[in-house]
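According to full-length UniProt numbering, the sequence shown holds residues 1 to 540 in order.
No residue lacks a Cβ here, since even glycine has one placed at the ideal position from N, Cα and C.
Since the model is a prediction, treat every value here as computed from it, not as a measurement.
Presented below is the structure to which this report refers.
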Amino acid sequence: MSDELALDFNPLHTLGFLVTDWVEQHCKVPGGVYEGEALVFNGWQLFCTANHYRIIPKAIYDPRRLLAPFHYRRSVVVGPQKCGKSPWGAGMLLAEGVGPTLFAGWARGDEVYRCEDHGCGCGWEYHYRPGEAMGMLRRKSLLGLLAFSEAQTQNVYEPLQTMIHSGPLAEFVHVREGFIRLPNRGMIIPLSRAARSKLGKPLTGALGDESGLYTKQNGVLDTWQTMRRGVAGMQGRSIELTNPWDPMENSAAQQAFDSLRPDIFRYYRKPPANLSYANKRERHKIHVYVYADSPWVDPKGIDADAAELVETDPTQAERFFGNRLVQGLGAYLTEALYEGVEKHAAVPDGTAVSGGFDGSRSEDWSALRLETIDGHRFTPTYGPDKRPAVWRPSEWPDGRIPRGEVNACVDWVFNHYDVGRIYIDPRHFETQADAWASEYGEDRVIQWPTNSITRMFPALIRYREDLAEKLTTHEPDPVFRSSALAARKVAKPGDKFILGKPSENQKIDVLMADVLAHEAACDARASGWEPAGESAMYVY
């Protein structure tokens with residue numbers, strides 16, 4: 001292992017080296033240029049194995065308390081594509097099924113683990129060193145292999161089958177239709193979201209493949225959490241494997257890494273932040289770094305795959321090959337772009353502003369955003385209790401946004417600011433938009449439907465470009481931030497796009513109102529917008 005992967009604990013206090021040697025003896029590389037050779041855990045694989053099976057120094061062997069000796073309750077491993085996660089996961093599953101993965105006390109120096117004592121005729125032996133943690137088999141193992149879809153379970157399930165057929169495990173581990181039979185009526189069962197009926201089985205361990213895709217919205221997060229609860233009840237442990245996740249999806253992997261719990265082992269080799277994935281030379285340096293402990297990978301080959309993908313989907317390339325947390329496929333704004341124009345600025349009464357309103361009846365949020373003449377955007381607060389102009393249906397008794405609340409806010413804005421114009425997305429608010437135009441002027445309240453691609457696409461391009469050029473700023477606001485970073489590009493004909501939300505509970509309405517506010521302000525400025533106190537009349 002490299003210096004970066006040096007263990008920070010006594011190497012005798014783990015079953016990891018015993019398990020690694022057991023895997024090398026019993027499992028073959030399932031594919032690639034090393035196919036058929038012994039599966040040797042190298043680099044990150046060895047490091048993660050040693051940590052996953054780390055034993056508490058003062059552990060006491062107790063056959064009734066199988067979880068107690070382990071330092072970590074579960075492990076989460078993040079790595080780029082082709083780094084060897086699937087073969088490693090397959091080897092770990094087989095070790096959990098029929099290998100010495102439970103603590104059996106501390107060696108005095110003359111102990112030996114012999115395969116022949118456990119029904120395997122390969123003749124392998126492991127001689128313990130004095131003070132080393134010893135391992136034993138679980139009498140009956142029932143292991144779940146979860147993936148986002150049935151097809152994806154093959155990422156680990158196919159290497160599993162190859163390892164069994166090509167080595168000594170074939171004598172007592174048998175591949176059946178839809179599961180793998182282990183001794184003593186044990187099993188390895190591939191599962192997906194559609195296989196919820198199998199979750200009642202008393203699983204003793206679980207492996208989640210691509211847990212960065214397990215979300216509340218697609219239902220796989222619930223399945224995985226149910227599996228983990230069952231595993232914990234059987235004094236078992238779990239492992240998650242994944243590519244970097246989309247930070248906006250709150251996946252199982254993200255929750256594990258965001259958790260402050262010390263009993264979760266986390267491995268994620270992040271590349272240096274100062275290297276740009278868009279730059280060819282720096283992209284190669286990133287690949288060399290993230291694949292440094294995967295000697296079977298040629299970074300130059302990764303360079304070619306990544307260069308092709310960068311042309312069509314740069315965020316996917318950076319996530320899957322660059323091993324970086326970047327916002328998901330088709331994200332409209334990046335965190336860097338958003339944070340680059342955050343600015344605190346006081347906006348006193350009487351300030352010249354233009355605005356944008358995006359309304360909903362009961363499903364989505366409604367919001368009003370304003371932009372000053374010098375380009376600063378913010379959510380106004382109205383009324384004596386300074387309520388922000390963002391309305392969520394769930395906050396009202398009947399699940400519908402009261403029109404009176406919105407009317408009160410619009411009235412407050414026109415009475416406290418020098419309003420140049422406001423663009424209104426009229427859907428569900430047609431009557432109110434007409435009433436506002438009648439009261440405040442048709443040249444100031446203008447209906448601006450966002451469902452027109454011919455006008456929305458240029459507005460989205462201008463908005464993003466003006467952020468990049470720092471021609472506009474916005475007040476720091478967690479509600480607006482969530483909306484802005486959740487938005488995804490939805491492709492339309494002619495290389496155009498509109499905005500969509502990644503899931504039902506991730507709202508983008510505040511961003512939509514902000515885009516309208518910026519468009520209104522830009523159009524007003526182009527028409528000679530000046531504060532009322534500086535000009536005898538508005539010119540549009």
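Output the distance between the C-alpha atoms of P458 and R54, rounded to the nearest integer angstrom.
Cα to Cα, P458 sits roughly 56 Å from R54.
Can you say whether I60 is buried or exposed, counting buried as having 16 or more other CB atoms within 10 angstroms of its CB?
With fewer than 16 Cβ atoms within 10 Å of its Cβ, I60 is classed as exposed.
Going by DSSP in three states, Q447 sits in which element: helix, strand or coil?
Correct three-state label for Q447: strand.
By the three-class DSSP mapping on this structure, what secondary structure does T153 have?
Correct three-state label for T153: coil.
Grab me the residues of A521's own chain with a C-beta within less than 6 Å of its C-beta, minus the 5 sequence neighbours each way, in chain order.
Excluding positions up to five away in sequence, the list reads S354 and E371.
What did DSSP end up calling T312 once you bin it into helix, strand or coil?
Three-state result, T312: helix.
Would you grab the beta carbon distance between N489 and Y277 for me? Rounded to a whole angstrom, and I think it's under 8 Å.
Sequence check: residue 489 is Lys here, not Asn. Wrong, their Cβ atoms sit about 19 Å apart, outside the cutoff.
My guess is that T315 and G375 are in contact by the Cβ rule of under 8 Å, so how many angstroms apart are they, rounded?
In fact, because the Cβ distance is near 28 Å, the residues do not count as touching under 8 Å.
Would you call G16 buried or exposed, if buried means 16 or more other Cβ atoms sit within 10 Å of its Cβ?
With 16 or more Cβ atoms within 10 Å of its Cβ, G16 is classed as buried.
Alpha carbon to alpha carbon, how far is D313 from Y423?
One C-alpha to the other measures close to 33 Å.
Could you compute how far the alpha carbon of A307 sits from the alpha carbon of Y72?
Spanning the two alpha carbons is a distance of roughly 38 Å.
On the DSSP letters alone, give me the boundaries of the alpha helix (DSSP H) that D466 sits inside.
Note, D466: alpha helix (DSSP H), I453 to A468.
Can you check whether the CB of C48 is closer than 8 Å to the CB of G91?
No, Cβ-Cβ distance for G91 and C48 is not below 8 Å.
Answer with buried or exposed for L115, where buried requires no fewer than 16 other C-beta atoms within 10 angstroms of its C-beta.
The question names Leu, yet the displayed sequence has Cys at residue 115. Buried, by the Cβ-count rule.
Determine contact between the segment 80-99 and the segment 215-227, defined as no fewer than three beta-carbon pairs at a distance below 8 Å.
These segments do not touch.
Measure from the alpha carbon of R421 to the alpha carbon of each residue in E530, G109 and E249, then state which is nearest.
Comparing Cα-Cα distances from R421 to each of E530, G109 and E249, the minimum goes to E530.
Span of the alpha helix (DSSP H) holding Y423?
That residue, Y423, is in no alpha helix (DSSP H); its beta strand (DSSP E) goes D418 to D425.
Give, in chain order, every unbroken run of the beta strand (DSSP E) that is at least 3 residues long and sits entirely within the segment 469-527.
Within the segment 469-527, the complete beta strand (DSSP E) runs of at least 3 residues are 488-492 and 496-500.
What three-state label does DSSP hand E430 in the structure shown?
Three-state result, E430: helix.
Between the alpha carbons of G123 and F265, how many angstroms are there, rounded?
Whole-angstrom Cα-Cα distance: 33 Å.
At what residues does the beta strand (DSSP E) containing G186 begin and finish?
Its beta strand (DSSP E) spans residues G186 to L191.
Here's a check: name, in chain order, each residue in its chain whose Cβ is nearer than 7 Å to the Cβ of G131, leaving out the five neighbours to either side.
Excluding positions up to five away in sequence, the list reads L12, W106 and A107.
Going by the CB atoms, is the gap between L102 and R138 shorter than 8 Å?
For R138 and L102, yes; Cβs fall inside 8 Å.
Helix or strand or just coil, what does DSSP make of A345?
Three-state DSSP puts A345 in coil, outside helix and strand.
Pick out whichever of M456, A6, Q254 and S527 has its Cα sitting closest to the Cα of D514.
Ranking the options by Cα distance to D514, first place goes to M456.
Determine, using beta carbons only, whether R378 and V347 come nearer to each other than 8 Å.
Going by the sequence as given, residue 378 is Phe instead of Arg. Contact: yes.
Given this structure, state the Cα-to-Cα distance separating P159 from H165, to the nearest angstrom.
When rounded, the distance between both Cα atoms is 10 Å.
Per DSSP, what kind of secondary structure is D398 in: helix, strand or coil?
Coil at D398, not helix or strand.
Mapping the DSSP letters down to three states, classify Y214 as helix, strand or coil.
Correct three-state label for Y214: coil.
Kindly indicate which three-state DSSP category M234 falls into: helix, strand or coil?
In the structure shown, M234 sits in coil (DSSP, three-state: anything other than H, G, I, E or B).
Can you tell me whether DSSP reads G16 as helix, strand or coil?
G16: helix per DSSP, three-state reduction.
Could you pull the start and end residues of the alpha helix (DSSP H) that W44 belongs to?
Residues G43 to H52.
Just to confirm, is the Cβ distance from P100 to G135 under 8 Å?
It is a contact, given that the beta carbons lie within the stated cut-off.
Just verifying my parser: in three-state terms, what is the DSSP assignment at L329?
Confidence at L329 is low in this model, with a pLDDT of 49, below 50, so the placement of that residue should be treated as unreliable; the coordinate-derived value is given next. Three-state DSSP puts L329 in coil, outside helix and strand.
Assign P11 to one of three DSSP states: helix, strand, or coil.
Coil.
According to DSSP, is H376 helix, strand or coil?
Here H376 sits in strand by DSSP.
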